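First up is the structure itself, then whatever we jot down about it.
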Amino acid sequence: MDYISTRGGGQPVSAAQAIVSGLAPDGGLYVPQSLPSFTLDEIASLAGLGYTGRAVEVLSRYLTDFTRGELTEYVERAYAKSKFPPKAVAPVVPLGDNGAYVLELFHGPTCAFKDFALQLLPFLLTASLKKTGVDKTVVILVATSGDTGKAALEGFADVPGAKICVFYPDGGTSNIQRLQMTTQSGDNVMVFAAKGNFDDAQNGVKRIFTDEPFAEALSEQGYLLSSANSINWGRLVPQIVYYFSAYCELLNAGRIKAGDPIDVAVPTGNFGNILAAWFAKHSGLPIRRLICASNRNNVLTDFIKTGTYDRNRDFFLTASPSMDILISSNLERLLYLLCGRDAGRVRGYMQSLAKTGAYTVERDVLERLQAEFSAGCADDAQTAQTIRDTWEKTGYLCDTHTAVAVRVCEQARGSDKTPAVIASTASPFKFAGSVLPAAFGAAPQGDDFAQLDALAKASGLSAPAALAGLQGRKERFQTVVAPADMKQAVSDWLRLF
Ligand SMILES: *Cc1c(COP(=O)(O)O)cnc(C)c1O
1494 MDYISTRGGG QPVSAAQAIV SGLAPDGGLY VPQSLPSFTL DEIASLAGLG
1544 YTGRAVEVLS RYLTDFTRGE LTEYVERAYA KSKFPPKAVA PVVPLGDNGA
1594 YVLELFHGPT CAFKDFALQL LPFLLTASLK KTGVDKTVVI LVATSGDTGK
1644 AALEGFADVP GAKICVFYPD GGTSNIQRLQ MTTQSGDNVM VFAAKGNFDD
1694 AQNGVKRIFT DEPFAEALSE QGYLLSSANS INWGRLVPQI VYYFSAYCEL
1744 LNAGRIKAGD PIDVAVPTGN FGNILAAWFA KHSGLPIRRL ICASNRNNVL
1794 TDFIKTGTYD RNRDFFLTAS PSMDILISSN LERLLYLLCG RDAGRVRGYM
1844 QSLAKTGAYT VERDVLERLQ AEFSAGCADD AQTAQTIRDT WEKTGYLCDT
1894 HTAVAVRVCE QARGSDKTPA VIASTASPFK FAGSVLPAAF GAAPQGDDFA
1944 QLDALAKASG LSAPAALAGL QGRKERFQTV VAPADMKQAV SDWLRLF
């Protein structure tokens, strides 16, 4: 199966080429030319497999230029028991008894869902380089709102033939998130704080990617730029797997029968995770509605309700920082797919977004969007209240991002009993400073590690070792750069000019 750019430029490319490039040369994002389709019988048979078995089945339909043998090796290494708990890579936990479930995606090495993609991506990427005959060191550039950076560092550290450089917004992450990145080991890693917010960092990285003279200079030195952001198809495709897996878990638990519809609610930022659910749906998974949950940066809520995407608004730092985004890059893929693969229209939206910060989709696109998506948002106070209510009513402790989706899901469902799977994207311990006061009314005292301890005591749960173990680790990276200097920072790190 081949991949094409959402902006219509260039010829179709293989999955391996799409993964090597990240962004298409015309600035668009790669999407599959057609979508694979699973029958209900095939989905039911996935239920008999473990997570890695399900992953091989789903991935092999999308990544047709990889053999099953290759994919099996990669998923077994990516989701190995040294990295994920073997019995429960992506467990589904009932949230009370009204048909809501939490899909826990935070049991990987960095305690957030991005591990699912970023543990696999290094295998996909290095194999893709070989398949496409590229004999270069790949330089991964990442803009992160917090969780991607660490997950990418963890996935790529000391991978032969790769180097990785991460930019996070200075002051825009939790302290633990920052420490996770600045203490990263590995000889091939670099981390910078970028002045401004996540969008500034992301735009800075995008500018570097579209700078052709820079790419040529890098190429002469034996380097090839690539992205581990969710604009890379290799980031998105592993996420499709866990929606299939969640459905299988519900089947195995006897909560649904094959073919029963479910809703899926996702705390959304860059629109990658929820888009993966859309791909699962359009590959045959019986998903009825996709519920897009935002925090106070509710540009997507407004878009789904009105058809106008408008980033001209205040940007807020919230208690769910990984969703503090005003430009949701992956939305471009959905727009392309909803407007009948009309690249001209997508170019129009994106030009308008670049020029005025806004665009409005036509009525047909809005109708198709609203036929599948519901949207809602929650501010920090509502999020904190949801953490508390959920803990008190069900004994389930959710992080701030998950809580946004729990609340928006409740509101979207009302008294509807259709099973709803809520993606839980981070461990509550990753955001202990917010979760502790929300759930237990305790004012956070002391440093982050004191808060981890306090949260463990109050909840009776234990803090993940990957977080508690950061205490006392030396910070290796402390440089802050302005967005305009990001390219120079990369050059200096690679000692180019
Ligand atoms: C990245 C992230 C999100 C947002 O996911 P997108 O795919 O960017 O929409 C939500 N929650 C957490 C904890 C994250 O790390």
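Residue numbering for the sequence shown follows this note's numbering, beginning at 1494 and increasing consecutively.
The beta-carbon is built from N, C-alpha and C at its ideal position, and this holds for glycine as well.
Predicted, not measured: the structure shown is a model, and the values here were computed from it.
Considering P1615, what are the terminal residues of the beta strand (DSSP E) in which it resides? From DSSP, P1615 is part of no beta strand (DSSP E) but of the alpha helix (DSSP H) over L1614 to K1624.
One question on the structure: do V1551 and V1684 come within less than 8 Å of each other, judged by their Cβ atoms? Cβ distance not < 8 Å, so V1551 and V1684 don't count as in contact.
For the beta strand (DSSP E) holding F1866, just list the boundary residues, first then last. Counting along the chain, the beta strand (DSSP E) containing F1866 begins and ends at F1866 to C1870.
Backbone CA spacing between L1711 and F1649 [nearest angstrom]: The straight-line gap from Cα to Cα measures roughly 19 Å.
Only counting the same chain, and skipping five residues up and downstream in sequence, which positions put a Cβ closer than 7 Å to that of L1613? Only Y1567, V1568, A1571 and P1731 meet the Cβ criterion.
Have a look at the DSSP bridge pairing and note the partners of T1545. Paired residue(s): none; T1545 is not in a bridge.
Tell me whether the beta-carbon of A1593 lies closer than 8 Å to the beta-carbon of A1913. Against a cut-off of 8 Å, the Cβ pair of A1913 and A1593 comes out as a contact.
Is R1782 helix, strand or coil when you go by DSSP? In the three-state reduction of the DSSP assignment, R1782 falls in the strand class.
Return the chain-ordered list of same chain residues with a C-beta closer than 8 Å to the C-beta of F1616, the five sequence neighbours on each side being excluded. Excluding positions up to five away in sequence, the list reads E1566, Y1567, R1570 and A1571.
Identify every run of the alpha helix (DSSP H) within the segment 1789-1850, keeping only runs that are complete inside it and at least 4 residues long; order them along the chain. Here the runs fully enclosed are 1792-1799, 1824-1831 and 1836-1849.
Cβ of V1928 within 8 Å of Cβ of I1915? Taking 8 Å as the cut-off, the Cβ atoms of V1928 and I1915 do not count as close.
How big is the Cα-Cα spacing for V1524 and A1511? Going from the Cα of V1524 to the Cα of A1511 covers about 9 Å.
Going by DSSP in three states, A1581 sits in which element: helix, strand or coil? Residue state, collapsed to three classes: coil.
Alpha-carbon spacing of K1623 relative to G1727, whole angstroms: One C-alpha to the other measures close to 15 Å.
From what residue to what residue does the beta strand (DSSP E) around Y1593 run? According to the sequence provided, residue 1593 is Ala. The question's Tyr does not apply to it. Here the beta strand (DSSP E) through A1593 covers A1593 to E1597.
Presumed contact (8 Å Cβ cut-off) between F1691 and I1818, rounded CB distance: 6 Å between Cβ atoms; contact.
What does DSSP give as the partner residue(s) for Y1852 in the beta ladder? DSSP output for Y1852 lists Y1802 as bridge partner(s).
Would you list the residues sitting across from S1720 in a DSSP beta bridge? Paired residue(s): L1634.
With K1656 as the anchor, note down where its alpha helix (DSSP H) starts and where it stops. It is not in any alpha helix (DSSP H) - K1656 instead sits in the beta strand (DSSP E) that spans A1655 to P1662.
Would you tell me roughly how many angstroms separate the C-alpha atoms of M1979 and F1531, rounded to the nearest one? It is roughly 44 Å from the alpha-carbon of M1979 to the alpha-carbon of F1531.
Could you tell me how far apart the beta carbons of R1925 and D1941 are, in whole angstroms, since I believe they sit closer than 8 Å? Sequence check: residue 1925 is Ala here, not Arg. With 8 Å as the limit, A1925 and D1941 qualify as a contact, their Cβ atoms being about 7 Å apart.
Run through DSSP, which three-state label would V1899 get? DSSP places V1899 in helix when its eight states are reduced to three.
Kindly examine ligand 1 and report whether one of its heavy atoms sits closer than 7 Å to the Cβ of N1722. Checking every heavy atom of ligand 1 against the Cβ of N1722, none is found closer than 7 Å.
Cβ atoms of E1709 and V1585: under 8 Å apart, would you say? No, Cβ-Cβ distance for V1585 and E1709 is not below 8 Å.
Measure the C-alpha to C-alpha separation of K1798 and D1680 and round it to an integer number of angstroms. In a straight line, the C-alpha of K1798 is about 47 Å away from that of D1680.
Assuming L1598 and A1581 make a contact with CB atoms under 8 Å, what is their CB distance in whole Å? Between A1581 and L1598 the Cβ distance is about 11 Å, and since that is not below 8 Å, they are no contact.
Taking the alpha carbon of K1576 as the point to measure from, which residue in I1701, C1832 and A1644 has its own alpha carbon closest? When the alpha-carbon of K1576 is set against those of I1701, C1832 and A1644, the nearest one is in A1644.
Report all residues from its chain with a CB closer than 6 Å to the CB of N1791; omit the five preceding and five following residues, and keep chain order. Sequence-distant partners of N1791 (beyond 5 residues in either direction) whose C-beta falls short of 6 Å from its own C-beta, in its chain, are C1870.
Under three-state DSSP, which class holds D1628? Under the three-state reduction of DSSP, D1628 is assigned to coil, being neither helix nor strand.
Would S1776 pass as a contact of P1505 if the rule is Cβ separation under 8 Å? With respect to the 8 Å criterion, S1776 and P1505 are not classified as neighbours on the basis of their beta carbons.
Spell out whether any CB of chain C is found under 8 Å from the CB atom of N1690. In the structure shown, chain C does not exist; there is a single protein chain.
Proximal residues to L1859 (C-beta, below 7 Å), its chain only, five neighbours per side dropped: These residues qualify, in order along the chain: G1800.
Examine ligand 1 and report whether any of its heavy atoms sits within less than 7 Å of the Cβ of I1701. Relative to ligand 1, the beta carbon of I1701 is positioned no closer than 7 Å to any heavy atom.
R1782 classed as buried or exposed, judged by whether at least 16 other C-beta atoms fall within 10 angstroms: Looking at its Cβ environment, which holds 16 or more other Cβ atoms inside 10 Å, R1782 is buried.
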